[in-house]
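So the sequence shown is numbered by our numbering: it starts at 5 and just counts up by one.
Worksheet: one structure, shown below.
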Amino acid sequence: MFEDLSAKFDSVFRKIRGENRITELNIADSMRDIRRALLEADVNIQVAREFTEKVREKALGADVLKSVSPGQQIVKHVYDELVTLLGGSHTGIRFSQKLPSVILVCGLQGSGKTTFCGKLANQLKKQGKVPAIVAADIYRPAAIDQLKKLGSQISVPVLSYGIQDAVEVARRGVEESRLAGRGVVIIDTAGRLHVDSEMMDEVRRIKEAVSPEEILFVVDAMTGQDAVNTAKAFWDTVSYTGVVMTKMDGDTRGGAALSIRQVVGQPIKFLSYGEKLESLDPFYPDRLAQRILGMGDVVSLVEKAQEAISAEDARKLNEKIRKNDFNLEDFLGQMRQIKKMGSMSSILGMLPGVGKALKDMPVDDGATKKIEAIILSMTVKERRNPDILNGSRRLRIARGSGTTVAEVNRLMKQFGDMKKMMKTMSKMGKGAMANPAMMKRLLR
Ligand SMILES: Nc1nc2c(ncn2[C@@H]2O[C@H](COP(=O)(O)OP(=O)(O)O)[C@@H](O)[C@H]2O)c(=O)[nH]1
Ligand SMILES: [Mg+2]
């Protein structure tokens, strides 16, 4: 179902992979093509815009990795953003401490709720849970029969009470399951063809009556942008905890699956791709992203290159600290890295002792700008060998950077202290306890 989108991504990547440099221009080009591809796949326009903007920023701000081509690096940025767009990591069903865990299933008529209830019960049973299904779609006798048939196929009891009150049916079903010591109760509800306040109200009342651990909203992927609108409407009345996308086997262009997480902020938990009981998959953002991009090899190649580069940098830095060679150039490099990431996590995190102290420390933007200006006003020789900074050099640097001699002096003092501390810490080796408060003071 993502074939079209995959093919378009592929042609965008093919184009940019031929370039030997990433420029504002060719990035803008690629991003326009990607945005168009997303829109053609029926992705929400706002979502598509934000997506390409984020990739663009990343691509222009990233370190150049020597061992991979710029195009390959872009693939990785697109992949990362796609995983984020799809929700980051896999979110499964949440079970309550107290038995039974109640799972309420809602959605429009024909979206695949009843089928999904059967599939989910089937999966849970295979995982060793003891489920029951409650037939709270009381309006059509056929709906109850359909559910009973499903239940008998998988030997899961379907509870129905022959009364015309969906809330009461749900309540009794949960109570009966509790007394029977069942682990999970899945409640199938009625849907209408369109968003309808009466139906929503019923689902809300069932929710209040049985306090479900999970409320799963089932939506037909074939309905494209309508799926996103329905998801929003349901979200407003019944704040559900997860989304189930059905009919992924149809010729949907996939836009709903790509937009829904971003628009409603709730994770997709399952994809259903057929009428058979087995056609249900837990949803994994990374797997889908790889399938859409068809670039798993490139993604892992770039990841390896990134790791190699950080490991190599960390090794060099460690060596410098050990030899007491850590100079202002290194300091500047580290500071920029930290700024880019918002906190010290990559390279410094790999240094024994040092990382622990600095890892999650936010860095004040104003202060780092000043430090940056001061260091940039030094000659390369001065940066590498700060010991030569006499009074007249310091005055020149202060003027050049729009700071004062006192500020330059303070930085030099801080730098000296930091260097001493780093050396001590690296000597102490792994697991050394550094004092975070002191590090914070040094960088202020
Ligand atoms: N192709 C396909 N059909 C599905 C899928 N899920 C459900 N259906 C079919 O869609 C129709 C409506 O499903 P049903 O579970 O009764 O929807 P409900 O009204 O929400 O309970 C039935 O014919 C199902 O067999 C799916 O993932 N793929
Ligand atoms: Mg149904």
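We put the beta carbon where it would ideally sit given N, CA and C, even for glycine.
Secondary structure of residue 283 (DSSP, three-state): coil. The count of Cβ pairs closer than 8 Å, one atom from the segment 270-280 and one from the segment 95-105, reaches three, so the stretches are in contact.
Counting the other Cβ atoms within 10 Å of the Cβ of residue 410 gives fewer than 16, which makes it exposed. The residue among 220, 328, 294 with its C-alpha nearest the C-alpha of residue 116 is 220.
Taking 7 Å as the cut-off, one finds at least one heavy atom of ligand 1 near enough to the beta carbon of residue 222. Residue side-chain check: residue 206 keeps its Cβ at 7 Å or more from all non-hydrogen atoms of ligand 1.
Residue 289 counts as buried, since no fewer than 16 other beta carbons sit within 10 angstroms of its beta carbon. Between residue 249 and residue 5, the C-beta gap is not smaller than 8 Å, which leaves the two residues out of contact.
A direct Cα-to-Cα measurement between residue 45 and residue 125 gives close to 32 Å.
Taking a cut-off of 8 Å for Cβ pairs, the segment 203-218 and the segment 74-84 do not touch, as fewer than three such pairs fall below it. Distances from the CA of residue 417 to each of 390, 190, 336, 405 were compared; the closest alpha carbon is that of 390.
The C-alpha of residue 59 is placed about 42 Å away from the C-alpha of residue 393.
DSSP links residue 402 through a beta bridge to no other residue. For the 8 Å CB-CB criterion, residue 7 and residue 74 do not form a contact. Proximity of the segment 140-159 to the segment 218-238 falls short of the contact definition, fewer than three beta-carbon pairs being nearer than 8 Å. A Cβ-Cβ distance of about 5 Å is found for the pair residue 333 and residue 387, placing them in contact under the 8 Å criterion. Sorting 298, 31, 103, 194 by C-alpha distance to the C-alpha of residue 184 places 103 at the top.
One alpha carbon belongs to residue 278, the other to residue 284, and they sit about 8 Å apart. Between residue 121 and the set 100, 101, 148, the nearest pair of CA atoms involves 148.
A distance below 8 Å between beta-carbons, with the five flanking residues on each side excluded, links residue 198 to the following residues of its chain, in chain order: 112. Membership of residue 105 in any alpha helix (DSSP H) is not indicated; the residue belongs instead to the beta strand (DSSP E) covering 105-111. Short of 8 Å from the beta carbon of residue 114, and not among the five residues preceding or following it, lie these beta carbons of its own chain, in chain order: 195, 197, 224.
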